[in-house]
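There are 2 protein chains.
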Amino acid sequence: MTKKKVIQIGVVSELTGLTERQIRYYEDRKLIFPDRSKGGVRKYSFEDIQAIIDIHTKLSDGFHTVELRRMLAGS
Amino acid sequence: MTKKKVIQIGVVSELTGLTERQIRYYEDRKLIFPDRSKGGVRKYSFEDIQAIIDIHTKLSDGFHTVELRRMLAGS
DNA sequence: CGTGTAAGGAATTCTGACACG
DNA sequence: CGTGTAAGGAATTCTGACACG
């Protein structure tokens, strides 16, 4: 485990300026790995938030999620 | 502002081992000051969590909330 | 491909109150 | 006093799908 995952998606959305849809999609693409509450609610860490920002920046730079996943693997 | 208040009461409850009732009561007694989302949901910082633990410890030591509030003022 | 949205349901939180003591 | 609980409502999140392209 890296850091405490205690932040919900609404707050992550505010902090990153991204929509919940985008944040959930990055998880679907296996770029981020939030925890889940018993009820299934996603919980993020501040590290996750930073990763999400990085992901979005790179997507804006023209990268695709598949490439970003490879970058994750090769680190 | 001290630190980012992004954690919801359910997580605070897990992290402190206290009930939501206790956490809300400490706020009612003006010992902690969480933020609120637009919808009215409480948001706590890690500092708040530490404060909550301290409060509960002192209550266990026999102090009353009124005394704890005075201790806050005199610091 | 990455993101928007409407849809219905489920998890989470909120307040005010009654209870004990 | 500090905390438990049942009650009803409201805010938040979840999933799967259709859309565009």
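So the protein sequences, as listed, match chains A and E.
Following the working numbering, the numbering of the first sequence begins with 213 at its first residue and continues without gaps.
Following the working numbering, the numbering of the second sequence begins with 213 at its first residue and continues without gaps.
Heads up, the beta-carbon is just placed ideally off N, CA and C, and yes, glycines get one too.
What does residue i touch in chain E if you count any residue whose Cβ is under 8 Å from its own?
i: A:G222; result: S249
Using CA coordinates, which residue listed in the options is at the minimum distance from residue i?
i: A:V253; options: A:V224, A:T214 and A:G274; result: A:V224
i: E:R282; options: E:L243, E:L230 and E:D247; result: E:L243
i: A:G229; options: A:D247, A:I267 and A:P246; result: A:I267
i: E:S257; options: E:I265, E:E239 and E:P246; result: E:P246
Using the C-alpha atoms, what's the distance from residue j back to residue i?
i: A:Y237; j: E:K216; result: 25 Å
i: A:S272; j: A:E226; result: 19 Å
i: E:G222; j: A:Q220; result: 11 Å
i: A:G286; j: E:T231; result: 43 Å
i: E:T214; j: E:S249; result: 17 Å
i: E:Q234; j: A:I235; result: 33 Å
i: A:K276; j: A:R241; result: One point to set straight first is that residue 276 of chain A is His, not Lys, in the sequence displayed. When rounded, the distance between both Cα atoms is 10 Å.
i: A:L284; j: A:G251; result: 29 Å
i: A:I265; j: A:V278; result: 17 Å
Taking residue i as part of the alpha helix (DSSP H), name the residues at either end of that continuous run.
i: E:H276; result: No alpha helix (DSSP H) contains E:H276, which DSSP labels as neither H nor E.
i: E:Y237; result: E232 to D240
i: A:G222; result: I221 to T228
Using the Cβ count rule (16 or more neighbours within 10 Å means buried), how would you classify residue i?
i: E:Q262; result: exposed
i: E:K255; result: buried
i: A:V218; result: buried
i: A:D260; result: buried
i: A:L280; result: buried
Residues of chain E with CB closer than 9 Å to the CB of residue i, please, in chain order.
i: A:I264; result: Within 9 Å Cβ-Cβ: nothing; A:I264 doesn't reach chain E, min ~14 Å.
Name the chain A residues whose beta carbon is nearer than 8 Å to that of residue i?
i: E:I219; result: V218 and I219
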